[in-house]
Amino acid sequence: VGVLLLNLGGPEKTEDVEGFLYNLFADPDIIRLPPPLAPLQSLIALFISKRRAPKSIAAYDSIGGGSPILKYSNEQAQLIQQSLQSRYNLPVQTYVGMRYWYPFTEEALEQIQNDHVNALVIIPLYPQFSISTSGSSLRVLQEEFAKRPQLWGEKKFTHTVVPSWYDRPGYVQAMADIIQKELDSFSAQELDEQLKSNPIAKHILFSAHGVPQSYIQAGDPYQEQIRKCVQAITNLLPPEQNGKDGVKVHLSYQSRVGPIEWLRPYTDDVLPQLGAEGVQNLVVVPISFVSEHIETLEEIDIEYRELAEESGICNWRRAQALNTDKTFIDDMADMVVEALNQPSQSVTEACVANNVGLIDLDDVTVEDISSAGVGGVGGNDQLLLQGFSSGSATSSNGGANTNTNQLMKQANERFYGRVAIIFIAAAISIEFFSGQSISGIVGAGVHVGSSVAGSF
94 VGVLLLNLGG PEKTEDVEGF LYNLFADPDI IRLPPPLAPL QSLIALFISK RRAPKSIAAY
154 DSIGGGSPIL KYSNEQAQLI QQSLQSRYNL PVQTYVGMRY WYPFTEEALE QIQNDHVNAL
214 VIIPLYPQFS ISTSGSSLRV LQEEFAKRPQ LWGEKKFTHT VVPSWYDRPG YVQAMADIIQ
274 KELDSFSAQE LDEQLKSNPI AKHILFSAHG VPQSYIQAGD PYQEQIRKCV QAITNLLPPE
334 QNGKDGVKVH LSYQSRVGPI EWLRPYTDDV LPQLGAEGVQ NLVVVPISFV SEHIETLEEI
394 DIEYRELAEE SGICNWRRAQ ALNTDKTFID DMADMVVEAL NQPSQSVTEA CVANNVGLID
454 LDDVTVEDIS SAGVGGVGGN DQLLLQGFSS GSATSSNGGA NTNTNQLMKQ ANERFYGRVA
514 IIFIAAAISI EFFSGQSISG IVGAGVHVGS SVAGSF
């Protein structure tokens with residue numbers, strides 16, 4: 094029996110950054126091109142990765158020169174294996190497969206074959222399912238299984254997938270415990286000072302990775318799972334009430350990129366708003382991540398903390414990622430045992446159940462590039478139109494006006510998308526044939542592709 098943990102991956106040293114970025118942007122779940130431009134995916138990925146690398150290297154340098162995500166994923170795998178052995182007397186082999194950097198999922202599968210594993214539990218290390226994270230990793234497995242049925246066919250090999258686990262009691266309890274520890278760290282003086290500017294002494298901001306709104310409308314379960322997850326954790330924390338013991342919970346979404354509409358409210362909008370409301374005591378919780386990486390250590394700890402302090406939030410706390418928390422690890426081991434004793438769910442079944450594959454550009458006309466950064470999937474106008482038209486049958490005049498505004502926004506997105514395509518194509522051509530940087534040709538201040546990389 095084997096357990097395969099799927100995760101994003103990240104560069105371990107600065108020399109890896111450009112290659113990691115290329116793999117990231119070469120994924121059509123990250124940059125979605127209309128079918129006529131699909132052959133340009135690799136070229137555009139190469140162009141953006143080279144453009145983005147210096148800024149990304151600086152970000153990774155600010156957290157020590159590389160991502161710790163593989164270190165934590167390997168430790169989680171080892172501890173889950175130990176927990177299964179010690180608590181269930183269940184000998185298993187654990188493996189880690191990364192989507193965009195070593196060890197790639199394909200390498201993990203090769204090791205699984207070498208170890209003669211014939212039953213596999215597959216767990217994406219994302220509590221909430223999104224087409225862009227868990228879905229993208231499962232697509233890779235689906236392709237590998239389809240290409241080599243002689244190795245991965247039902248007669249040779251069985252597997253089951255746990256596509257999401259945001260509501261597991263152990264995971265929820267572990268998150269609540271970590272948050273409570275930070276809530277308890279506020280001093281009596283900090284609580285007294287807070288009550289002078291806001292009637293509730295302690296505030297929590299759950300910051301989830303964003304995804305484009307169009308994908309939620311098309312069936313991505315991510316937002317609903319985030320909401321349910323936050324509510325389950327909140328139920329284990331002190332209630333919202335005035336005074337020193339009160340805790341108020343807020344939810345926002347980080348890491349948006351590009352011109353399209355993402356899930357709101359945005360974290361960089363909420364922090365100034367909280368400051369304006371007199372919030373001083375704030376615990377920020379990275380709800381989409383179970384290990385530290387660039388979006389917790391750089392985006393939250395550096396960028397958002399600076400913004401919070403500028404906004405008057407003077408007592409900043411950040412709940413650590415779960416990493417190797419024992420309650421979390423034991424719950425993951427419990428999840429493996431439960432998966433082995435329940436009806437199996439194949440990779441294909443998990444994809445279908447979570448609408449992976451329904452968001453596809455093959456059968457629609459889309460004339461923009463929508464890039465989503467690492468926690469999201471680029472949207473497209475046809476999906477937006479479907480979402481709006483499905484809700485328009487019961488609209489009043491006010492609803493009709495809202496739809497008109499939304500359609501106007503879509504038209505603007507189409508326009509800017511066309512401009513982006515033309516600009517990127519022109520920039521690539523100029524640099525290729527002239528051998529010079531486009532910014533050097535047209536002057537300083539031009540950053541091609543700078544809006545498509547989010548925290549990366």
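Using the numbering used here, the letters of the sequence shown correspond one by one to residues 94 to 549. For every residue, glycine included, the Cβ atom is placed at its ideal position computed from N, Cα and C. Just so we're clear, the structure is a prediction, and the values are computed from it rather than from any experiment.
Under the three-state reduction of DSSP, residue 357 is assigned to coil, being neither helix nor strand.
Exposed is the label assigned to residue 195, since fewer than 16 other Cβ atoms lie within 10 Å of its Cβ. Residues 185, 186, 187, 188, 205, 208, 210, 212, 213 and 214 of the same chain have their beta carbon placed closer than 8 angstroms to that of residue 95, with the five preceding and five following residues left out of the count. Nearest C-alpha to residue 257 among 395, 103 and 383: 383. Judged by DSSP in its simplified three-state form, residue 308 adopts helix. The continuous alpha helix (DSSP H) containing residue 174 extends over residues 162-181. A Cβ-Cβ contact shorter than 7 angstroms links residue 217 with residue 227. Under the DSSP definition of a beta bridge, residue 301 partners with 346. Under a 10 Å Cβ-count criterion, residue 366 is classified as exposed, with fewer than 16 other Cβ atoms of the shown protein chains found around its own Cβ. Inclusion of residue 157 and residue 105 in the CB contact set at 7 angstroms is not warranted, their separation being larger than that value.
Around the Cβ of residue 251, a 10 Å sphere holds fewer than 16 other Cβ atoms; the residue is exposed. About 11 angstroms separates the beta carbons of residue 300 and residue 358, which is beyond the 8 angstroms limit, so they are not a contact pair. Between residue 373 and residue 326 a beta carbon distance of about 23 angstroms is seen, past the 8 angstroms cut, so the two are scored as non-contacting.
Taking one beta carbon from each stretch, the segment 107-118 and the segment 161-177 have fewer than 3 pairs nearer than 8 angstroms; the two do not touch.
Judged by beta-carbon spacing, residue 220 lies within the 7 angstroms limit of residue 259, meaning their Cβ atoms are closer than that value. Taken in chain order, the complete alpha helix (DSSP H) segments of 4 residues or longer contained in the segment 182-232 are 198-207. Beta-bridge pairing by DSSP links residue 386 to no other residue. Judged by DSSP in its simplified three-state form, residue 423 adopts helix. Burial state of residue 447 is buried, judged by a 10 Å Cβ sphere holding 16 or more other Cβ atoms.
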